[in-house]
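One structure below.
In the numbering used here, the protein residues as written are -18 to 72.
This is the structure we're talking about:
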């Protein structure tokens, strides 16, 4: 459980969680989500899954430019959604 000071810091700011593959990013985000913190889906993973599902080529190993364009659009939409949502418990 998070203490009040830590909780206040987390809810007053946006945070970016980054790290290499297998470093625990998803586990950390899942644990914070279980505590009620809002989070935005990870763009790269979702775009890759969407492209694989539809047989698309906007993949980092096939068409980096198209993949980057989709990533930028996804992240801009996520930012707009995050900044328009109530800030309480938002990660």
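Glycine included, every Cβ here is placed at the ideal spot set by N, Cα and C.
Item checked: Distance CB(residue 35)-CB(residue 48) smaller than 8 Å -> No, the pair does not count as a contact, with Cβ atoms beyond the cut-off.
Item checked: Where residue 51 falls, given that 16 or more other Cβ within 10 Å makes a residue buried -> buried
Checklist line | Beta-carbon gap between residue 39 and residue 32 smaller than 8 Å | finding: Yes, the Cβ-Cβ distance between residue 39 and residue 32 is below 8 Å.
Item checked: Contacts around residue 56, its chain only, beta-carbon distance under 6 Å, and the 5 residues preceding and following it disregarded -> 24
Check: Do residue 20 and residue 14 have their CB atoms nearer than 8 Å?
Finding: yes
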